[in-house]
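What the sequence shown shows, in this note's numbering, is residues 96 to 258, in sequence order. The C-beta atom is built at its ideal place from N, Cα and C for all residues, glycine as well. I have placed the structure first, in the form of structure tokens, so that the comments after it can refer back to it.
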Amino acid sequence: MNSRDLSFAERLYIFEAFKGLWLTSRHFFGNMKRHILRQLGFRHIGRGAVTFQYPEERRQLSTRYRSRHRLTKRHDGSPRCVACMMCETACPARCIYIVAGEHPDPNIEKYPIRFDIDLGVCVFCGFCVEACPEDAIRMDTGIIEIAAYSRKEMIYHIEDLLQ
């Protein structure tokens, strides 16, 4: 890629700064005009930019939105996961860690002794949900507040994922 030399005016950055201020001002005053006209009763005017006052106002989430993970349960309350490692294999971020064990029920081959997801590393791509043959992992909790004070708190264990 060839780079061109900047002109004297471009090297000063003054004109560039004024172009940025002009663009920001245009959006600001355009939105202000629309809001004032709507307040005066002109409802046919399109809405200006809208700010949601989070967390008091919640934005409507799409049905396809990928939020925090959860594990589904069987009728007896045990996790539906059979520790096939498909989600762990499909994860591009390598944030899922599973340790398998023998299930006491002879109809079920394995179950997860340990199932950890590091949400600090997760990219929320949803590949784990698509790869699961048992529909044991989902990303439909609607929980978007995923914050912690340390990296250890970002690791969700099987007990957290079953809630």
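So who's on the other strand from residue i, going by DSSP bridges?
{"i": "Val194", "result": "Arg209"}
{"i": "Pro174", "result": "Lys168"}
{"i": "Tyr251", "result": "Ile212"}
{"i": "Arg233", "result": "Arg165"}
Between which two residues does the alpha helix (DSSP H) carrying residue i extend?
{"i": "Arg161", "result": "Looking at the DSSP string, Arg161 is not in any alpha helix (DSSP H), and its letter there is neither H nor E."}
{"i": "Arg106", "result": "103 to 107"}
{"i": "Met181", "result": "181 to 185"}
{"i": "Phe222", "result": "222 to 226"}
Of all the options the options, which has the alpha carbon lying nearest to the alpha carbon of residue i?
{"i": "Glu259", "options": "Cys217, Ile203, Ile250", "result": "This structure does not reach residue 259, given that the chain is present from 96 up to 258, and the question cannot be answered."}
{"i": "Tyr192", "options": "Glu152, His252, Ala231", "result": "His252"}
{"i": "Phe222", "options": "Ile238, Ala188, Pro207", "result": "Ala188"}
{"i": "Cys179", "options": "Asp100, Ala226, Ala104", "result": "Ala226"}
{"i": "Gly196", "options": "Cys176, Phe137, Cys182", "result": "Cys176"}
{"i": "Cys190", "options": "Cys182, Lys168, Ser173, Val216", "result": "Val216"}
{"i": "Phe123", "options": "Ala144, Arg161, Arg163", "result": "Ala144"}
{"i": "Gln258", "options": "Pro199, Thr167, Lys114, Gln134", "result": "Thr167"}
{"i": "Ile140", "options": "Lys128, Thr146, Pro150, Gln148", "result": "Lys128"}
With a threshold of 16 other CB atoms inside 10 Å of the CB of residue i, please say whether the residue is buried or exposed.
{"i": "Leu116", "result": "exposed"}
{"i": "Tyr244", "result": "exposed"}
{"i": "Tyr108", "result": "exposed"}
{"i": "Pro207", "result": "buried"}
{"i": "Met234", "result": "buried"}
{"i": "Pro174", "result": "buried"}
{"i": "Leu101", "result": "exposed"}
{"i": "Ala231", "result": "buried"}
{"i": "Leu256", "result": "buried"}
{"i": "Arg163", "result": "buried"}
Task: Segment contact, 8 Å Cβ cut-off, at least three pairs: the region 205 to 214 with the region 144 to 156 - done: Counting Cβ pairs under 8 Å, fewer than three are found: no touch.
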